[in-house]
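K.L.:
Position in the sequence shown counted from 1, then plus 2, gives you the working numbering. Beta carbons: idealized from backbone N, C-alpha and C, even for Gly. As the structure is a computational prediction, the values presented were derived from the model and not from experiment. One structure, as structure tokens, below. Some questions next.
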Amino acid sequence: MIIRLRILLLCFLPLITVHANDLSSESQLIGLWEGKKIAGPEIQGEILLSRSKSSWSADVSGYKLQVKNQNGQLSFSVPGARGSFIAQLSSDDNRIEGHWIQPETINNGMKYASPILLTPVSDHQWQGTINAMNDEFSLYLPVWKNDDGELSTFLRNPERGLGAFLNVEQWAVKGKTIQWLGRSFRSNEKVSLLETQIQNGDILADIRGQNYRLQRRSDNNRSHFYARGKYPNQYRYTPPLQIKSDGWKTSTLKAQNIDDKYISQFIDDVVLKSARSIEAPYIHGILIARGGKLVLEEYFHGFHRNKPHDTRSASKSVTSLLAGAAIHSGAPISLDSSIYKTLRSHSTQREESSKFDHNDITLEHLLTMSSGLACDDGDSSSPGNEDVMQSQSRQPNWVQYTLDLPLIRAPGSRAVYCTGGINLIGAALSSATGQNLETLFHQLIAKPLQAHRYYLNLSPTGEPYMGGGIYWLPRDFMKIGQVILNEGMWNNTRIVSARFAKKSIAASNQMHNQGYGYAWWSTKYPYKGRTIDAFFAAGNGGQIVMGIPELDLLIAFFAGNYSTATGHKIHREFIPKYFLPAIH
Numbered sequence: 003m004i005i006r007l008r009i010l011l012l013c014f015l016p017l018i019t020v021h022a023n024d025l026s027s028e029s030q031l032i033g034l035w036e037g038k039k040i041a042g043p044e045i046q047g048e049i050l051l052s053r054s055k056s057s058w059s060a061d062v063s064g065y066k067l068q069v070k071n072q073n074g075q076l077s078f079s080v081p082g083a084r085g086s087f088i089a090q091l092s093s094d095d096n097r098i099e100g101h102w103i104q105p106e107t108i109n110n111g112m113k114y115a116s117p118i119l120l121t122p123v124s125d126h127q128w129q130g131t132i133n134a135m136n137d138e139f140s141l142y143l144p145v146w147k148n149d150d151g152e153l154s155t156f157l158r159n160p161e162r163g164l165g166a167f168l169n170v171e172q173w174a175v176k177g178k179t180i181q182w183l184g185r186s187f188r189s190n191e192k193v194s195l196l197e198t199q200i201q202n203g204d205i206l207a208d209i210r211g212q213n214y215r216l217q218r219r220s221d222n223n224r225s226h227f228y229a230r231g232k233y234p235n236q237y238r239y240t241p242p243l244q245i246k247s248d249g250w251k252t253s254t255l256k257a258q259n260i261d262d263k264y265i266s267q268f269i270d271d272v273v274l275k276s277a278r279s280i281e282a283p284y285i286h287g288i289l290i291a292r293g294g295k296l297v298l299e300e301y302f303h304g305f306h307r308n309k310p311h312d313t314r315s316a317s318k319s320v321t322s323l324l325a326g327a328a329i330h331s332g333a334p335i336s337l338d339s340s341i342y343k344t345l346r347s348h349s350t351q352r353e354e355s356s357k358f359d360h361n362d363i364t365l366e367h368l369l370t371m372s373s374g375l376a377c378d379d380g381d382s383s384s385p386g387n388e389d390v391m392q393s394q395s396r397q398p399n400w401v402q403y404t405l406d407l408p409l410i411r412a413p414g415s416r417a418v419y420c421t422g423g424i425n426l427i428g429a430a431l432s433s434a435t436g437q438n439l440e441t442l443f444h445q446l447i448a449k450p451l452q453a454h455r456y457y458l459n460l461s462p463t464g465e466p467y468m469g470g471g472i473y474w475l476p477r478d479f480m481k482i483g484q485v486i487l488n489e490g491m492w493n494n495t496r497i498v499s500a501r502f503a504k505k506s507i508a509a510s511n512q513m514h515n516q517g518y519g520y521a522w523w524s525t526k527y528p529y530k531g532r533t534i535d536a537f538f539a540a541g542n543g544g545q546i547v548m549g550i551p552e553l554d555l556l557i558a559f560f561a562g563n564y565s566t567a568t569g570h571k572i573h574r575e576f577i578p579k580y581f582l583p584a585i586h
């Protein structure tokens, strides 16, 4: 979903202005500048549903609303597009399980659906709590003077990685004006990106249509720009807490034969080191489990276990699990099912090739990214490229958009990275089961994984987007790797069949010099004189859940190096250098 940020940035870049009065010296610019926008959401807290003989009503944040009941589906919307609710009634009147839809965010312009459970407080009333995700956008600019006297800087934005697009490298002072110099996104030449001035010691900026007041920090040691303060203490290991509700058993590194010396060295040398570049590692969280027990849980830059994190394309592996879970549950769909026949209700405008037939595309082809559709995220001219799809306005239904793509090669003949194809899987599962995707996801994935908080990002037409970008609590997201390590099980609950789990990580195709199975990557590492296999879910910025079956090991990373090559260092460099040597 990079293009959405690019287009917003390019559209609003000419509007980025700073209004100022005076500027006394360059020395006043040196230091850390911060700005943060928190946009709610407005509707949070308690929700109360009431049932009378003929109708339902809702009480939420002071609004008293009528609730629609269409064939057992309850729904209502708060005026002013402040949010909406949807739930499917079941035969169990003791609980109502549904989802709260929060408005479009300033973060990326998308809506999110989060689970909500209402329990009875009387014979005719149910109460629950909306746990909407904070909509925030943060900017950090460290400024320092180089040996040549120039003021250097870069922009760090933990939520979306704006600094990779507004590639600021230098501040140049001319009178009362500050020029922000950096690399042009289009040409990579050094240019003046914008001009700013200081107003009463602050920088006032209009970025992407939002006003920000950048202020210089006086207490750098408390800023979340730094992993744990500008002058952090040397890292000391602390075992993770046992939290009964999430299902993880906990242990210690030592008890699971992991040498904390290597882990400590990584955190001290890499994570806690102050950054001087947008390319510097920006690790938000590290978790390790061995033998099914969580043994390490560390967070940085203000992140914590109860703060949901964007998992980007690593959520594609969740879509794979959902497909396997639907098959295991007995849904009328299989790996050999024709996607176009399953989605027959979608009329298509495609022109059939004389060589290939869209009806030959199966669920397995989508899982392995070998559909043959004209869909290549690595090619900006490809009509099915994710950025192209999300930036066009002709067809807001992204499922329909992908279905209408031409078929340019035989299904199964070659793997090409195609996010739109993974998103089709969700629509096919919903069509096959007759359930909306939010309910299907909650029943087959979230509930059995004991994941009580998550945030499904929604497409323009309101359906969950299964191509990536789900926000998870770190402990919960890590569980998807444990399911595969356990050959389809989480604790005592089977999520997918053992056969599906094994095939998921079998390298049936090759992409980017790595194996690719059912939306899971695979690689090999040298380890103590031999080679061991690893599988992993991967997302832009450094989102990793990696399993190494031979070592019964699971490693999860959450990071903010969006749209830079640094995120790839986690599995290519950091894991073999710091983590595997620690395993005995």
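#1: Buried or exposed, going by whether 16 or more other CB atoms sit within 10 Å of the CB of L243?
#2: What did DSSP end up calling I285 once you bin it into helix, strand or coil?
#3: Can you tell me whether F576 is helix, strand or coil according to DSSP?
#4: Starting from the N-terminal side, write out each stretch of the alpha helix (DSSP H) that is 4 residues or longer and does not extend beyond the segment 414 to 494.
#5: Do the segment 472 to 484 and the segment 282 to 295 touch if we need at least three Cβ pairs shorter than 8 Å?
#6: If I measure Cβ to Cβ from K232 and keep anything under 6 Å in the same chain, skipping five residues before and after, which residues do I get?
#7: Output the boundary residues of the beta strand (DSSP E) element that contains T404.
#8: From what residue to what residue does the alpha helix (DSSP H) around R501 run?
#9: May I have the straight-line CA-CA distance separating K246 from R455, to the nearest angstrom?
#10: Kindly list the residues whose CB is nearer than 6 Å to the CB of E197, restricted to its own chain and excluding five residues on each side of it in sequence; keep chain order.
#11: Can you tell me whether G549 is helix, strand or coil according to DSSP?
#12: Residue range of the beta strand (DSSP E) that I49 falls in?
#13: CB E138 to CB I205, shorter than 8 Å?
#14: Round the Cβ separation of S116 and N133 to the nearest angstrom and send it over; I've been treating them as touching at under 8 Å.
#15: Give the single residue among G517, G386, H311 whose Cα lies nearest to the Cα of A589.
#16: Going by DSSP in three states, H330 sits in which element: helix, strand or coil?
#17: Helix or strand or just coil, what does DSSP make of D535?
#18: Determine the closest residue to R238 out of Q104, A257, L274, D248, with distance taken between C-alpha atoms.
#19: Less than 8 Å between the CB atoms is what I'm expecting for A207 and L195, so what's the real figure, rounded?
#20: Where DSSP assigns a beta bridge to P528, which residues make up the other side?
#21: Assuming V80 is part of the beta strand (DSSP E), what are its boundary residues?
#22: Just reading off the beta strand (DSSP E) that Q392 is part of, what are its end residues?
#23: From the DSSP output, which residues share a beta bridge with K38?
#24: For K571, collect the residues of the same chain with a Cβ closer than 6 Å to its Cβ; drop the 5 residues on either side in sequence, then sort them by chain order.
#25: I'd like to check one pair, D379 with T421: are the Cβ atoms closer than 8 Å?
#26: Quick check: what's the CA-CA separation for G436 versus I269?
#27: Among residues of its own chain, excluding the 5 on either side of S26, which ones have a beta-carbon nearer than 7 Å to its beta-carbon?
#28: When burial is assigned at 16 or more other CB atoms within 10 Å of the CB, is R162 buried or exposed?
#29: From the DSSP output, which residues share a beta bridge with G85?
#30: In this structure, how does DSSP classify Y228 when only helix, strand and coil are distinguished?
#31: Helix, strand or coil for N222, going by three-state DSSP, please let me know.
#32: For S194, name the three-state secondary structure that DSSP assigns.
#33: Kindly list the residues whose CB is nearer than 8 Å to the CB of S340, restricted to its own chain and excluding five residues on each side of it in sequence; keep chain order.
#34: Going by DSSP, name the residue or residues bridged to M513.
#35: Mind checking whether S524 and I507 have CB atoms under 8 Å apart?
#36: Quick check: the Cα distance between L119 and A89, rounded to an integer number of angstroms?
P.N.:
Taking the definition as stated:
#1: exposed
#2: strand
#3: helix
#4: 421 to 435, 439 to 443, 476 to 487
#5: yes
#6: N222, N223
#7: No beta strand (DSSP E) holds T404; the alpha helix (DSSP H) holding it covers 400 to 405.
#8: 500 to 506
#9: 15 Å
#10: T179, Q181
#11: strand
#12: 47 to 53
#13: no
#14: 6 Å
#15: Outside the displayed span of the chain (3 to 586) sits residue 589, for which this structure offers no information.
#16: helix
#17: strand
#18: L274
#19: No, A207 and L195 are not in contact; Cβ-Cβ is about 12 Å, not under 8 Å.
#20: T533
#21: 75 to 80
#22: No beta strand (DSSP E) contains Q392, which is instead part of the alpha helix (DSSP H) from 388 to 393.
#23: S140
#24: none
#25: yes
#26: 48 Å
#27: Confidence at S26 is low in this model, with a pLDDT of 48, below 50, so its placement is unreliable and no value can be given for it.
#28: buried
#29: V80
#30: coil
#31: helix
#32: strand
#33: N361, D362, I363, T364
#34: Q516
#35: yes
#36: 10 Å
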